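For the sequence shown, UniProt numbering begins at 1 and goes up steadily by one. Glycine included, each C-beta is placed from N, C-alpha and C at the ideal position. These figures come from a predicted structure and were not determined experimentally.
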Amino acid sequence: MKKTFSDQNLLILLEAGSGVILLVSILLILFTTLLPFNFVFPENLSLEFIIDRFTKHSSWTDLFANLLLFIPFGLSLAALLNKNKFNPSDTIIIVGIFSLILSSSVELLQVFLPSRAPTSVDLFSNSLSGCLGSLSFYVIKNKLEQTPATFLSSLYRSFRSLLSLPSLTFVLIGYVITVSLLLWNLQAATQLNDWDDNLPLIIGDELTRYRSWEGQISQLCISNQAASEAEISQLLSDKKSCAAIADSLIADYEFTELKNNYSDKTGNLPDLEWIETPSTEVNDLGVFLGKNHALISTEPVKSLSEKIRQTSKFTLNTQITTSNSTQDGPARILSISNDVMNRNFMIGQSGSELRIRLRNPITGKNGMEPEVQIFDVFSKPKTYQMIISYTGSELKIYLDSIENLYSIKFTPEAALFWSVFSSLSEKMPLNPENNQLYYILYHGLIFIPIGLILTLISWVYRGNLIFYLLLILGGVVVPALLVEGVLASSLNGVWTWKYVGLNMVITVITWLVLRVSVGWGFKSH
């Protein structure tokens, strides 16, 4: 005879749902440990390369995060094995083996993620965490078996008033309004109004040293407006001239001769002088920079920072050549900073990667929460004309041609995401190749909770067709349009209809997946 819900206990319910919990925990582990999925596979893969990637050390934060991820995995797998009559000792061994397999797979995949650092310590700690999860199951097993499922019914009755249709409707409306107001207030997060006036301009190193860059630079000019596509094309054609942006030019330096100091042709900024010893080499590609050969402004570039802060826009045009494709740090090609933790802007090299840090309320005082990362730029010595433009919400990087463009958008929804998930910023640099992933993450943070609320509404109130049509209109369509309207206001009123569609798709998928899961769960009991 089939047991009724009141005849069951919490152990039976846990075992019944263990498969779903296990699947969710595996997906969560893969998602959090492999984000942002920007795999880079070397042309000449070798065992030495893999071993070298395992030389990093785990932080206490990473160990704690792994503990939280693998304990649910071990507990749910133990519950599933217990349901299938495995004894405790066999269960713990099996959980340990599967934890090791899952952890090994993750660590091996992290070898090919430049922003991740696989460690051998994680293999042990993750396996141990999985075993702790299985032990936790046996610690609470008797208690779960003695607790009738009616406990959940009592708990539900206690909160039933909060799950009424009026209450949930109020929660839905309140959530949408709150998120819209947050996004409205976060429009200023894309601006450059927090740039510091008291920072010098440094070329080839950091003021505190130990971040020297080996290479050449022949030109640097900066304006406080975002250049148009036509102006970018002219800069790329003229190469050694910044006439295309002359109307907004605030700095123009030329490094084609050996000098003790270099003057700004516009007269706005102070001279650049050598930090330690002058360079002794120069050719058609510009002056050589390297260890002990870096340039710094004689005073803070106050005028530059003030004018860019006023417009929250700029265009930077430079021509550089790297001499070393393995230098790291990142090595500072150019920086407006006074130490390694406080800056307005930085262009750097980390191996073959181009790194850019832009200070704004989203990225913080160091401009790296998160920083921008572009792969395979410095894989071999090459001269680049690099133009970097910021429109107030979008960073554009051109390398040698108008077609070779990389862009990253700094938007209110991005500000909201990085405020909530600031701990991910160092492990998830902004890579232009992953723009679609970022949009899904940013909008998912906003609209997955709406899907959850719609699931609760459709669960507690089973209405007719008109009710569901109104629910779709008020819970799917209106929030998607309202949020996009707020976001469009920060982009000069330009609506992006594909994001309206993305918002609705995320909401509907979340709603359907959760609704089917809830329905399946109750049907199984």
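Quiz prompt | Candidates Q234, Q146, S423, L269, of which the one nearest M368 by Cα | solution = Taking the first residue of the sequence shown as position 1, residue 368 is located at position 368. Ranking the options by Cα distance to M368, first place goes to S423.
Practice problem: Quick one: residues in its chain with C-beta nearer than 6 Å to the C-beta of L334, no 5 flanking neighbours on either side, listed in chain order? | Solution: Position 334 of the sequence shown, counted from the start, is the residue given in the question as residue 334. So the qualifying residues of the chain are I203, I347.
Practice problem: Out of E394, H443, S407, S393, point me to the one whose CA is closest to E413's CA. | Solution: Locating residue 413 in the sequence shown gives position 413, where the first residue counts as 1. Of the residues E394, H443, S407, S393, the one whose Cα lies closest to the Cα of E413 is H443.
Exercise. Starting from K143, follow the alpha helix (DSSP H) in both directions and report where the run begins and ends.
Key: As a first step, residue 143 is located in the sequence shown; it is residue number 143 there, counting from the start. 120-146 is the extent of the alpha helix (DSSP H) around K143.
Quiz prompt | Distance CB(residue 526)-CB(L13) smaller than 9 Å | solution = The structure shown has nothing for residue 526, since the chain only spans 1 to 525.
Quiz item: Pick from Q8, S104, L405, T208: whose alpha carbon is nearest that of I374?
Solution: Here the question's residue 374 lines up with position 374 in the sequence shown. Ranking Q8, S104, L405, T208 by Cα distance to I374 puts L405 first.
Quiz prompt | Residue span of the alpha helix (DSSP H) that contains W274, given as start and end | solution = Counted from its first residue, the sequence shown places residue 274 at position 274. No alpha helix (DSSP H) contains W274, which is instead part of the beta strand (DSSP E) from 272-274.
Quiz item: Can you tell which of P36, W459, S25, V24 has its C-alpha closest to the C-alpha of N431?
Solution: Position 431 of the sequence shown holds residue 431. In terms of CA proximity to N431, P36 leads the group P36, W459, S25, V24.
Quiz prompt | Those runs of the beta strand (DSSP E) which lie wholly inside the stretch 274-329 and span at least 3 residues | solution = 286-289, 295-297, 314-322
Quiz item: Counting Cβ pairs closer than 8 Å, one from the stretch 166-177 and one from the stretch 445-462, do we hit at least three?
Solution: yes
Quiz item: Since R53 is in the alpha helix (DSSP H), which residue starts that stretch and which ends it?
Solution: Within the sequence shown, the letter at position 53 stands for residue 53. First-last of the alpha helix (DSSP H) with R53: 47-53.
Self-check item: Simplified DSSP state of L482, which is helix, strand or coil
Solution: Stepping through the sequence shown from its first residue, residue 482 is reached at position 482. Helix at L482.
Quiz item: When the Cα atoms are used, what is the spatial distance from V20 to S76?
Solution: Residue mapping note: residue 20 aligns to position 20 of the sequence shown, counting from 1. Residue mapping note: residue 76 aligns to position 76 of the sequence shown, counting from 1. If you draw a straight line from the Cα of V20 to the Cα of S76, it comes to about 9 Å.
Exercise. Check whether the stretch 78-85 touches the stretch 381-394, counting contact only when three or more Cβ pairs, one atom from each stretch, lie closer than 8 Å.
Key: no
Quiz item: Between G521 and F421, what straight-line distance do the alpha-carbon atoms span, to the nearest angstrom?
Solution: Numbered from 1 along the sequence shown, position 521 holds the residue referred to as residue 521. Numbered from 1 along the sequence shown, position 421 holds the residue referred to as residue 421. Its pLDDT being 45, under 50, G521 is placed unreliably by the model, and nothing is read from it.
Practice problem: Using the Cα positions of P270 and A117, report the straight-line distance between them to the nearest angstrom. | Solution: Mapped onto the sequence shown, residue 270 falls at position 270. Mapped onto the sequence shown, residue 117 falls at position 117. P270 and A117: Cα-Cα distance of roughly 41 Å.
Quiz item: With respect to the beta strand (DSSP E) encompassing I408, which residues constitute its N-terminal and C-terminal limits?
Solution: Translated into the one-based positions of the sequence shown, residue 408 becomes position 408. Taken as a continuous stretch (DSSP letters only), the beta strand (DSSP E) holding I408 covers 405-409.
Quiz item: On the three-state DSSP scale, how would you describe I397?
Solution: Here the question's residue 397 lines up with position 397 in the sequence shown. For I397, the secondary structure class from DSSP, reduced to helix, strand or coil, is strand.
Quiz item: Under 9 Å, do T315 and A226 count as touching if we go by C-beta distance?
Solution: Mapped onto the sequence shown, residue 315 falls at position 315. Mapped onto the sequence shown, residue 226 falls at position 226. Yes, these two residues count as a Cβ contact at 9 Å.
Quiz prompt | Selected residue, minimal CA-CA separation from V477, among V460, L465, W497 | solution = On the sequence shown, residue 477 is found 477 positions in, with the first residue counted as 1. The option with the nearest alpha carbon to V477 is W497.
Quiz prompt | First through last residue of the beta strand (DSSP E) which encompasses E353 | solution = On the sequence shown, residue 353 is found 353 positions in, with the first residue counted as 1. Here the beta strand (DSSP E) through E353 covers 353-358.
Quiz prompt | Straight-line gap, S524 to S164 (C-alpha atoms, nearest Å) | solution = Working through the sequence shown from its first residue, we reach residue 524 at position 524. Working through the sequence shown from its first residue, we reach residue 164 at position 164. Only weak support exists for where S524 lies, its pLDDT of 46 falling under 50; the coordinates are left without a value.
Quiz item: With respect to the beta strand (DSSP E) encompassing G174, which residues constitute its N-terminal and C-terminal limits?
Solution: Within the sequence shown, the letter at position 174 stands for residue 174. Not the beta strand (DSSP E): G174 falls in the alpha helix (DSSP H), residues 165-185.
Exercise. Under 6 Å Cβ to Cβ from L220, same chain only, skipping five residues before and after it: list those, please.
Key: For this step, residue 220 is matched to residue 220 along the sequence shown. Closer than 6 Å at Cβ, skipping near neighbours: Y253, T318.
Self-check item: T507 in three-state terms, based on DSSP
Solution: Mapped onto the sequence shown, residue 507 falls at position 507. T507: helix per DSSP, three-state reduction.
Self-check item: Cα-Cα separation, N224 to L22
Solution: Numbered from 1 along the sequence shown, position 224 holds the residue referred to as residue 224. Numbered from 1 along the sequence shown, position 22 holds the residue referred to as residue 22. So the alpha carbons of these two residues sit roughly 53 Å apart.
Self-check item: I232 to V494 span [Cα, whole Å]
Solution: Along the sequence shown, one-based indexing puts residue 232 at 232. Along the sequence shown, one-based indexing puts residue 494 at 494. Between the alpha carbons of I232 and V494 lies a gap of roughly 23 Å.
Quiz item: Per DSSP, N9 forms a beta bridge with which residues?
Solution: On the sequence shown, position 9 is the one that residue 9 refers to. Answer is P148, bridged to N9.
Quiz prompt | Residue closest to F345, alpha-carbon to alpha-carbon, out of R309, L108, S458 | solution = Translated into the one-based positions of the sequence shown, residue 345 becomes position 345. Here the closest residue by C-alpha is R309.
Practice problem: Go ahead and label S89 buried or exposed: buried means 16 or more other beta carbons lie within 10 angstroms of its beta carbon, across all protein chains shown. | Solution: Mapped onto the sequence shown, residue 89 falls at position 89. Exposed, by the Cβ-count rule.
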